[in-house]
Amino acid sequence: IKLLRIRPGFRNDPITCDRFHHNLDNPSCHPYTAISYTWGKDHTPKHSVTIDDGAKVTPRSLAIEVTSSAFEVLKNFRSHLRPVTIWIDAICIN
Numbered sequence: 006i007k008l009l010r011i012r013p014g015f016r017n018d019p020i021t022c023d024r025f026h027h028n029l030d031n032p033s034c035h036p037y038t039a040i041s042y043t044w045g046k047d048h049t050p051k052h053s054v055t056i057d058d059g060a061k062v063t064p065r066s067l068a069i070e071v072t073s074s075a076f077e078v079l080k081n082f083r084s085h086l087r088p089v090t091i092w093i094d095a096i097c098i099n
């Protein structure tokens, strides 16, 4: 499964995340929150999110566009103190 670690920041800071693979069969399974949300009527991507794809050989950062509702979910779950790990279909499913 791919998970998304939202890096700490304040509400109006740019959103940056790490996307990484996680084995659910691992006994020390990393805790995460699975998020289901309403897309709304407008599916047009409107906000940019920076994601480190977690590649070990050649790490790279990607700027991806997400809908307003997905962007609001990321802002609402983000902490200013610590990283937060989530699964969100708009980003974690290829």
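At the far end of the sequence shown sits residue 99, using the working numbering, and the numbering has no gaps.
Each residue gets a CB set at the ideal place from its N, CA and C atoms; glycine is no exception.
- Rounded to whole angstroms, the separation of the alpha carbons of Cys34 and Asn28 is 7 Å.
- For the pair Leu8 and Thr72, the CB atoms are not nearer than the 7 Å cut-off.
- Listed as beta-bridge partners of Thr38 by DSSP are Ile91.
- Excluding residues up to 5 positions away in sequence, Pro13 lie with their Cβ nearer than 7 Å to the Cβ of Ser84 in the same chain.
- DSSP, reduced to helix, strand and coil, places Leu8 within a strand of the structure shown.
- By DSSP's assignment, Leu67 forms a beta bridge with Ile56.
- Going by DSSP, Phe25 is part of the beta strand (DSSP E) stretching over Thr21 to His26.
- Boundaries of the alpha helix (DSSP H) around Lys80: Ser73 to Phe82.
- In this structure, DSSP gives Ile98 a state outside helix and strand, which the three-state scheme calls coil.
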